[in-house]
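Data block below; observations after.
Residue numbers (the working numbering): 30 to 129.
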């Protein structure tokens, strides 16, 4: 019965494609190598971003230059509904502001 209910639930789900982008900030012991990058992230590059392969591979730096800190974020532009306590009226708002 559990399998039936799960399959039925999955059949009622739908795939929603959402605009995705990434942000990488890295600080090195030599400030000339510090970097900030933000670009769209396409579905075919998602695995490469997760595993730091291809265009997302760690950058080559000279011996003695070390990474001091860094952050890698992925943003998914999603719409959600907010109940403002106005009865049946709701407002759709973006989670991530439009960067264009």
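By construction, the Cβ of each residue, glycine as well, lies at the ideal position given by its N, Cα and C atoms.
Note that the structure is a prediction, hence the values are computed from the model and not measured.
(request) Report the rounded CA-to-CA distance for residue 62 versus residue 98, giving the unit in angstroms. (result) In the chain shown, counting from the first residue as 1, residue 62 sits at position 33. In the chain shown, counting from the first residue as 1, residue 98 sits at position 69. For residue 62 and residue 98, the distance between alpha carbons rounds to 12 Å.
(request) Measuring alpha carbon to alpha carbon, tell me which of 102, 94, 106 ends up nearest residue 60. (result) Taking the first residue of the chain shown as 1, we reach residue 60 at position 31. Of 102, 94, 106, the residue nearest in Cα terms is 94.
(message) For a test of the three-state rule: what should DSSP assign to residue 105, helix, strand or coil?
(response) Along the chain shown, one-based indexing puts residue 105 at 76. Looking at residue 105 - three-state DSSP - the assignment turns out to be strand.
(request) Please name the residue, chosen from 49, 48, 53, that lies closest to residue 86 on a Cα-to-Cα basis. (result) Against the chain shown, residue 86 aligns to sequence position 57. Here the closest residue by C-alpha is 53.
(message) Using DSSP's beta-bridge definition, name the partner residues of residue 51.
(response) As a first step, residue 51 is located in the chain shown; it is residue number 22 there, counting from the start. BP columns for residue 51 point to 68, 103.
(message) Once DSSP output is grouped into helix, strand and coil, what is the label at residue 63?
(response) Translated into the one-based positions of the chain shown, residue 63 becomes position 34. If DSSP states are grouped into helix, strand and coil, residue 63 belongs with coil.
(message) The alpha helix (DSSP H) that contains residue 158, what's its start and end?
(response) Residue numbering for the chain in the displayed model covers 30 to 129; residue 158 lies beyond these limits and cannot be assessed.
(message) Tell me which residue opens and which closes the alpha helix (DSSP H) that residue 77 is part of.
(response) In the chain shown, the residue the question calls residue 77 occupies position 48. Element bounds for residue 77: 75-80.
(request) For residue 102, count neighbouring Cβ atoms within 10 angstroms of its own Cβ and tell me buried if that reaches 16, exposed if not. (result) Counting from 1 along the chain shown, the entry for residue 102 is found at position 73. That one is exposed.
(request) Just mark residue 70 as buried or exposed, buried being the case when its beta carbon has 16 or more other beta carbons within 10 Å. (result) The residue given as residue 70 occupies position 41 in the chain shown. Buried.
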